[in-house]
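In this note's numbering, each number is its position in the sequence shown, counted from 1, plus 658.
Every residue, glycine too, gets a C-beta built ideally from N, C-alpha and C.
Here's the structure, in structure tokens; my notes come after.
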Amino acid sequence: MSDYSRRRNGTDRSSSGSASGSTASGGESNSAAVEEMQKEQVMIYLTQNSVTHHNDEIPETLAALQKADQLGLGKKSMIPISDPFSDGHRTEQYAFGESTANTMTWWFDDPALQQGQVRVGDNVLTLGVNESHVDVPGSYNEKGTLKAGVAERIRSDWLVALAHIGVPASRAGMVVHALMSDSDGAKVMHSGGGASNEMLQLISVLNRAEMGEFEISSFVLSGHHYSATPFIFGEKPGGDHVYDDDVTTGDTLDVRDIELLSSVFPKAFAQVDSMMFSACNTHRLGLEDEQGGERSTEDWVAKTFPEATRMSNWQQIAPGSDYAAFFSGEFALDVAKEEAGQDSAFNDWQFTKTKKGEMFRSEKGADGTFTELPTDRSRSSYPYYNDYKGLRNSNHEAFHKREDLMRYILKKQ
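Below is the structure:
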């Protein structure tokens, strides 16, 4: 159970009494007091699909958070993470803060830069692999061979970028060691070069949570996904379902990198109570267990988010994002109900499947493993389609154009 859940349920994290408290040092007492302070609750909504999600999944989920707040279930804010949306709206301002974000020029802003590059002042940093770095191309799920020195430069440039966004040097070193180092020295991370922007945003948010600025109580990972592969991917700008799925250079965010980051930001990952995949085929992530067998999605969630008690994922094909928005919204509202003490809310939901796929929900038992819940539908769990308007009561209106929904976006000061 995360610190947030303990507080919501009135359970003290510490078994120490007043006597032990009186013998603690002043520094320890202050530290403990800070830990126990009520912090803003945050949902990370990391989407690899920057084409439509600002118009459907994100606003519907924000409307569900708003509804939970209106019902007195508690307020939770969202930090969306994405490449620039198709209407030009950016999320770096929420991860880094507007002033820092404005000092960074990415490859999609300046044609003089190559994919995976960002300009900070007079320095061009290479944070991801692009085609000029590849010596021998790989396959659709295997990285290509890189030219000499590429991995070393990327690892060095990541240290500069992490310092620029405010990650302490000691933790920045831990990040590059976890993601970009092996027994042979420097390597590139599992994620593709085109996902470097989202990865830097994610690390910034994780660092802020680790430092105590807020708590990440929910984590959503959305985008496209092929069965038995470990990466969620996006689309190329300007295309209609033109997938950016090259594992070396593409916009492919690998779940193995997220798991590796859990060792760098243990407090942040232990805050997460609920995790949702809004992506096809996420019942099979292409991971192996210690014996070389297929590792389940449930095991990945349990190991990556050790205190998470609720999760959901898709078997086979998830719906288009205009319909998937209802699944995301209902997940957020049901989690809020459960967190407020409505113990059966997560077991009773309306949006469970489509003609091509089914969404499964699971809860963690006393043995620490997740068990799938029955999928009996309840028409009263969530508002019906409302002509695809849902709780947000609008169709394809960007979240950042809605003043009421923007109150639930956490902005970095």
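- Here the segment 970-989 lies against the segment 1009-1028, with 3 or more beta-carbon pairs under 8 Å apart.
- Per the DSSP secondary-structure output, P738 pairs in a beta bridge with Y703.
- Contact check for I861 against I890 fails: the beta carbons are separated by 9 Å or more.
- Counting C-beta atoms within 10 angstroms of its own C-beta, G774 has 16 or more neighbours from the protein chains shown and is therefore classed as buried.
- Bounds of any beta strand (DSSP E) do not take in K925; it lies within the alpha helix (DSSP H) bounded by 924-928.
- Pairwise C-beta distances place the segment 943-958 out of contact with the segment 890-910, as fewer than three of them are shorter than 8 Å.
- Looking at M701, M762, A960, the one whose alpha-carbon comes closest to that of F1028 is A960.
- In the three-state reduction of the DSSP assignment, S744 falls in the coil class, being assigned neither a helical nor a strand state.
- As a beta-bridge residue in DSSP terms, G1015 pairs with Q974.
- Within the same chain, Cβ atoms closer than 6 Å to the Cβ of K1022 are found at T967, F1028, the five residues on either side in sequence being excluded.
- The residue among G999, S1020, A998 with its C-alpha nearest the C-alpha of W1007 is S1020.
- By the neighbour-count criterion, in which 16 or more other beta carbons inside 10 Å mark a residue as buried, Y798 falls on the exposed side.
- Residue pairing for M934: DSSP places it in a beta bridge opposite V878, S970.
- Using a Cβ-Cβ distance cut-off of 8 Å, the segment 792-811 and the segment 735-746 are not in contact, since fewer than three pairs of beta carbons, one from each stretch, lie closer than that value.
- Within the model, the alpha-carbon separation for Y703 versus Q929 is close to 15 Å.
- Within the same chain, Q973 come within 6 Å of E1016 by CB-CB distance, once the 5 residues on both sides are set aside.
- For D980, the enclosing alpha helix (DSSP H) covers residues 979-997.
- In the displayed model, G843 falls within a strand according to three-state DSSP.
- The beta-carbon separation of A819 and V776, rounded to 7 Å, stays under the 8 Å limit for a contact.
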